[in-house]
Structures are given as C-alpha cells and as structure tokens.
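Numbering follows UniProt numbering, with no gaps: position 102 of the sequence shown is 102.
The next block holds one structure in the form of structure tokens; read it before the comments.
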Amino acid sequence: MGLKIRLARAGAKKRPYYHIVVADSRSPRDGRFIERLGSYNPMLPSDHAERVRLFDERLRHWLSVGAVATDRVAKFLGKAGLAPMPVFPEQPKQSAPKKRAQERAAAAAAAANA
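So, in structure tokens, the structure goes:
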C-alpha cells in the first residue's frame with residue numbers, strides 16, 4: 001500500500017478549501033483517507049498565517065513511515081522546513097518572444113545605444 005500526503009478538496013463552489021491528508025494512493029482525491037494533517041486555504045493572501053496550517057509532529061511521523069508528498073504539498077513542507085524544498089525543472093516560456101522578435105529587439109537596443 002503506497003501512502004501519499006496530498007490535498008483533498010472541500011469548500012463550496014468557487015470557494016476552494018483543501019485538507020492536507022495522508023491516504024492510500026489508490027483512493028480517490030476526495031475519498032477515504034487515513035488522517036488529516038493540516039489545511040490549505042487558497043482564498044487567503046499568500047502572507048496570511050492561516051493560509052497553510054500543518055500538524056508538524058504527525059507530518060514527521062508519516063514521512064518517517066514512508067509516505068510521499070505530492071508536488072504541491074512538498075512545496076508547503078519545504079517552506080515550513082519539514083522536508084527539503086523540491087527542485088522543479090525550468091518550465092518553457094511559451095510567451096517569450098520568438099527568434100525574429102528577439103532579433104528586432106536586439107537591433108533596436110543596438111540602435112539606441114549607438
């Protein structure tokens with residue numbers, strides 16, 4: 001049985017609220033879980049103290065038993081200092097200017113400097 005520490009959605013329509021739970025990896029997202037380990041309220045500002053609440057002692061226990069955190073929960077744990085901060089590969093910048101636009105911008109910058 002693989003254990004995951006993940007988010008389980010709660011709250012009303014368009015008012016998300018998540019519980020941080022440890023669950024069997026085969027159970028559905030909002031289905032059966034073993035223990036509730038905290039909460040995440042994305043509606044609060046990012047610097048608000050109640051945005052992410054974690055039960056440190058129980059999280060350490062489940063991590064020592066072998067539970068694996070999902071990407072989002074791993075970020076929360078990294079910021080709280082309970083686990084190393086995960087390293088994510090650099091994402092491609094789809095909105096970055098294409099080759100010809102970059103050449104035009106470089107030419108314009110060169111003309112402005114001259």
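Heads up, the beta-carbon is just placed ideally off N, CA and C, and yes, glycines get one too.
Is residue 39 helix, strand or coil by DSSP?
The residue you call residue 39 lines up with position 39 of the sequence shown. It is a strand residue.
Around the Cβ of residue 38, are there at least 16 other Cβ atoms within 10 angstroms (buried) or fewer (exposed)?
Reading the sequence shown from its first residue, position 38 is the one you call residue 38. It is buried - the Cβ of residue 38 has at least 16 other Cβ atoms within 10 Å.
By Cβ distance below 8 Å, which residues in the same chain neighbour residue 66 in space, the five residues on each side in sequence not counted?
What you label residue 66 is simply residue 66 of the sequence shown in a count that begins at 1. The residues are 3.
What number of angstroms, rounded off, separates the C-alpha of residue 75 from the C-alpha of residue 81?
Start at 1 with the first residue of the sequence shown, and residue 75 comes out as number 75. Start at 1 with the first residue of the sequence shown, and residue 81 comes out as number 81. Taking the straight line from one Cα to the other gives about 10 Å.
Whose C-alpha, out of 27, 22, 87 and 26, is nearest the C-alpha of residue 35?
Numbered from its first residue, the sequence shown carries residue 35 at position 35. Residue 22 is the option with its Cα nearest to residue 35.
Nearest CA to the CA of residue 88: which residue from 103, 100 and 70?
The count along the sequence shown starts at 1 and reaches residue 88 at position 88. Measuring from the Cα of residue 88, the nearest candidate turns out to be 70.
Quick one, which of 62, 24, 59 and 43 has its alpha-carbon nearest residue 13's?
Stepping through the sequence shown from its first residue, residue 13 is reached at position 13. For the residues 62, 24, 59 and 43, the minimum Cα distance to residue 13 belongs to 43.
Would you kindly report the start and end of the unbroken beta strand (DSSP E) that includes residue 9?
In the sequence shown, counting from the first residue as 1, residue 9 sits at position 9. From DSSP, the beta strand (DSSP E) with residue 9 extends over 3-12.
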